[in-house]
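Novice: To convert, note that position 330 of the sequence shown is 361 in our numbering; the numbers rise steadily by one, no gaps. Right, I'll just put the structure down here and ask away after.
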Amino acid sequence: MDIQRHRAPSAGPGPGGSLRCLVLAPSGDDARLIGEVLAEAGISTAACADLDQLCAEVPLGAAAVVIAEEAVTTEAASALGGLITGDPVWSVLPFVLLSSADAARTIDVHSLFGVRGLVTVLQRPCATVTLITAVRSALYTRERQYEVRSLVDRLEGQAAELARSNDDLHRFAHAAAHDLQEPLRMIASYITLIQKRQGATFDERSREYMGFVVGGALRMSGLIKSLLQYAQVGQAKLDVTGFAADLAVGEALTNLKLAVEEADAVVTVDELPTVVADRTLVVELLQNLLTNAIKYRRGRPEIRISCQRDGDGHWIFAVADNGLGIPAEQRQRIFEAFHRAHSSHEPGFGIGLATCKRIAELHGGKIWVESTPDVGSTFFVSLPVEAAAQD
Ligand code: ADP
Numbered sequence: 032m033d034i035q036r037h038r039a040p041s042a043g044p045g046p047g048g049s050l051r052c053l054v055l056a057p058s059g060d061d062a063r064l065i066g067e068v069l070a071e072a073g074i075s076t077a078a079c080a081d082l083d084q085l086c087a088e089v090p091l092g093a094a095a096v097v098i099a100e101e102a103v104t105t106e107a108a109s110a111l112g113g114l115i116t117g118d119p120v121w122s123v124l125p126f127v128l129l130s131s132a133d134a135a136r137t138i139d140v141h142s143l144f145g146v147r148g149l150v151t152v153l154q155r156p157c158a159t160v161t162l163i164t165a166v167r168s169a170l171y172t173r174e175r176q177y178e179v180r181s182l183v184d185r186l187e188g189q190a191a192e193l194a195r196s197n198d199d200l201h202r203f204a205h206a207a208a209h210d211l212q213e214p215l216r217m218i219a220s221y222i223t224l225i226q227k228r229q230g231a232t233f234d235e236r237s238r239e240y241m242g243f244v245v246g247g248a249l250r251m252s253g254l255i256k257s258l259l260q261y262a263q264v265g266q267a268k269l270d271v272t273g274f275a276a277d278l279a280v281g282e283a284l285t286n287l288k289l290a291v292e293e294a295d296a297v298v299t300v301d302e303l304p305t306v307v308a309d310r311t312l313v314v315e316l317l318q319n320l321l322t323n324a325i326k327y328r329r330g331r332p333e334i335r336i337s338c339q340r341d342g343d344g345h346w347i348f349a350v351a352d353n354g355l356g357i358p359a360e361q362r363q364r365i366f367e368a369f370h371r372a373h374s375s376h377e378p379g380f381g382i383g384l385a386t387c388k389r390i391a392e393l394h395g396g397k398i399w400v401e402s403t404p405d406v407g408s409t410f411f412v413s414l415p416v417e418a419a420a421q422d
């Protein structure tokens, strides 16, 4: 074989070492020669007698393949192509092809290895330093591919672990909230009993203290209900159907009839599309946003619900109000559970927007807000036009 022996490049840190390079040369002598040259450079090789053996060895572990063009017969070509097709996206086995001196034997590298092929063609005669450098760079590329794979594996593992612990946390919150309801109900009913039986004998201070106890119990009951509502979202599989979004708005407004009337709110609903989503959750989301638009008002609430399609396959719903607005530094944090920006204005537990965020994300969408203090806020919710597959 036309490999011109030169001093091997100095072996340094980096590729080579334990990574195995398969060699398929036209003769055993050639394979031995290539093996010797590469071994001197600290690269471990395994010689294959023919293409069948090469195809059998690759799945056992190969970081690169050195192959002489003469060894690639037309019939064998498809077997070789099959070695690299069907691999995961991160994996492309690098080939170093020693081209034949005989022009008639030249193979079409692109049709053989396809567009994904990673092939270095070395013209013969070729210096040992060229061969070693090409093989090292093939091994280095392969090493990087494995590093990417282990990174992807780690990230996938972390994502799965995060999803699991998130589910655990929701289950825990749900169970805790559920179990707290009973003792709270008992406290509330005994307080009512005490008030009924002995209320008349209470002095002013005792009545005031009793008011604190009742207020605390009511507040705790509200908090538990909100927590349950938050923890319940996404516990069951999404019940995805196609429905007209204005029907969901209508349902949310019916549920809020009292609050809308009390605040004398004006709600304008633009033309809305049909969406593919979990209708109960969409109603809950709209109801939370409408409740807030009424709750955090300045004077008579004017609310507008509209929707546009973006260029990215999403409906972008907007719920705009003329309310208090939200200071810039709070606009991200209000979507965290229990975070409130106007706690002194209205009762609440800071769960509504966290629930909305969870509902949007369960559908593969997002929620965000634009706001000007003392002018108003617009909450945007993106929902994929096509239903996102849920595991
Ligand atoms: P809650 O209303 O129970 O406090 P949310 O999670 O629904 O909980 O809202 C979090 C905070 O975001 C509210 O406390 C309020 O400060 C702010 N916020 C939400 N919606 C609006 C709105 N439409 N206008 C002004 N502030 C709002």
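Just so you know, even glycine gets a beta-carbon here, dropped at the ideal spot from N, CA and C.
#1: What's the C-alpha gap between I98 and Y177?
#2: Need the endpoints of the alpha helix (DSSP H) that S252 sits in, please.
#3: Taking a contact to mean a Cβ-Cβ separation below 9 Å, would you say L85 touches L55 in this structure?
#4: Just to confirm before moving on: does the CB-CB distance between A78 and A62 stay below 9 Å?
#5: Of the choices A391, A308, T151 and L320, whose alpha-carbon is the least far from that of V298?
#6: What first and last residue would you give for the alpha helix (DSSP H) that runs through T311?
#7: Could you check whether the stretch 250-264 touches the stretch 322-329, counting it as contact only if at least three pairs of C-beta atoms, one from each stretch, sit closer than 8 Å?
#8: Roughly how many angstroms separate the alpha carbons of V89 and Q266, rounded to a whole number?
#9: So, does the stretch 406-415 touch the stretch 389-397, judging by three or more C-beta pairs under 8 Å?
#10: Please confirm whether any heavy atom of the ligand ADP lies closer than 8 Å to the CB of Q361.
#11: Taking the alpha helix (DSSP H) that H345 belongs to, which residues open and close that run?
#12: Buried or exposed: where does G246 fall if 16 or more other Cβ atoms within 10 Å of its Cβ makes it buried?
#13: At a threshold of 8 Å, does K256 count as lining the ligand ADP (C-beta to nearest heavy atom)?
#14: Could you round the C-beta distance between V166 and C338 to whole angstroms and report it? I think they count as a contact, below 8 Å.
#15: Note down, in chain order, each residue of its chain lying with its Cβ closer than 6 Å to the Cβ of A275, except the 5 sequence neighbours on either side.
#16: Let me know if A158 comes out buried or exposed under the rule of 16 or more other beta-carbons within 10 Å of its beta-carbon.
#17: May I have the straight-line CA-CA distance separating T311 from S181, to the nearest angstrom?
#18: Have a look at G342 and P404 and give me their C-alpha separation to the nearest angstrom.
#19: Taking the beta carbon of P125 as the centre, do at least 16 other beta carbons fall within 10 Å, making it buried, or is it exposed?
#20: Counting only the same chain and skipping the five closest in sequence on each side, list residues whose C-beta sits under 8 Å from that of S130.
#21: Between which residues of its own chain and G66 is the CB-CB distance below 8 Å, once the five residues before and five after are set aside?
#22: Buried or exposed: where does S408 fall if 16 or more other Cβ atoms within 10 Å of its Cβ makes it buried?
#23: Between L303, S252 and I398, which has its C-alpha nearest S220's C-alpha?
#24: I'd like the span of the beta strand (DSSP E) that includes G273, first residue to last.
#25: What is the DSSP secondary structure of R195, reduced to helix, strand or coil?
#26: CA-CA distance, V400 and R362?
#27: Kindly identify the DSSP beta-bridge partner or partners of V300.
#28: Does the ligand ADP have a heavy atom nearer than 8 Å to the CB of D352?
#29: Rounded to the nearest angstrom, what separates T232 and F243 at their Cα positions?
#30: Return yes when at least one heavy atom of the ligand ADP lies under 8 Å from the C-beta of F410, else no.
#31: Give me the Cβ distance between V350 and D309, rounded to the nearest whole Å; I'm assuming they're in contact under 8 Å.
#32: For the beta strand (DSSP E) that A391 lies in, which residues bound it at each end?
#33: Within 10 angstroms of its Cβ, does P332 collect 16 or more other Cβ (buried), or is it exposed?
#34: Alpha carbon to alpha carbon, how far is S122 from G43? Give it in angstroms, no decimals.
#35: Would you mind reading off the limits of the alpha helix (DSSP H) that contains K268?
#36: Taking 9 Å as the threshold (C-beta atoms), are G381 and H394 in contact?
Specialist: Straight from the coordinates:
#1: 22 Å
#2: E235 to Q263
#3: If you check the CB distance, L85 and L55 come in under 9 Å.
#4: yes
#5: Distances from the alpha-carbon of V298 to those of A391, A308, T151 and L320 put L320 closest.
#6: R310 to K326
#7: no
#8: Their backbone Cα atoms lie some 45 Å apart in a straight line.
#9: Touching, per the Cβ criterion.
#10: yes
#11: Unbroken run through H345 is the beta strand (DSSP E), H345 to A351; no alpha helix (DSSP H).
#12: exposed
#13: no
#14: No, V166 and C338 are not in contact; Cβ-Cβ is about 59 Å, not under 8 Å.
#15: Cβ contact annotation for A275 (same chain, cutoff 6 Å, sequence separation greater than five): T305, in chain order.
#16: With fewer than 16 other Cβ atoms within 10 Å, it is exposed.
#17: 40 Å
#18: 30 Å
#19: By the neighbour-count rule (16 or more Cβ atoms within 10 Å), P125 is buried.
#20: E100, T137, V152, L153, Q154 and R155
#21: V54, T76 and A78
#22: Flag for S408 reads buried.
#23: S252
#24: V271 to A275
#25: helix
#26: 7 Å
#27: I336
#28: yes
#29: Going by the C-alpha atoms only, they are around 18 Å apart.
#30: Because some heavy atom of the ligand ADP lies under 8 Å away, the Cβ of F410 counts as near it: yes.
#31: Actually they are not in contact, since the Cβ atoms of V350 and D309 sit about 18 Å apart, beyond 8 Å.
#32: Not the beta strand (DSSP E): A391 falls in the alpha helix (DSSP H), residues G383 to L393.
#33: P332 comes out buried.
#34: Residue confidence for G43 is low, a pLDDT of 31 falling below 50, so the modelled location carries little weight; the figure read from the coordinates is stated next. So the alpha carbons of these two residues sit roughly 25 Å apart.
#35: Here K268 belongs to no alpha helix (DSSP H), and DSSP marks it neither H nor E.
#36: no
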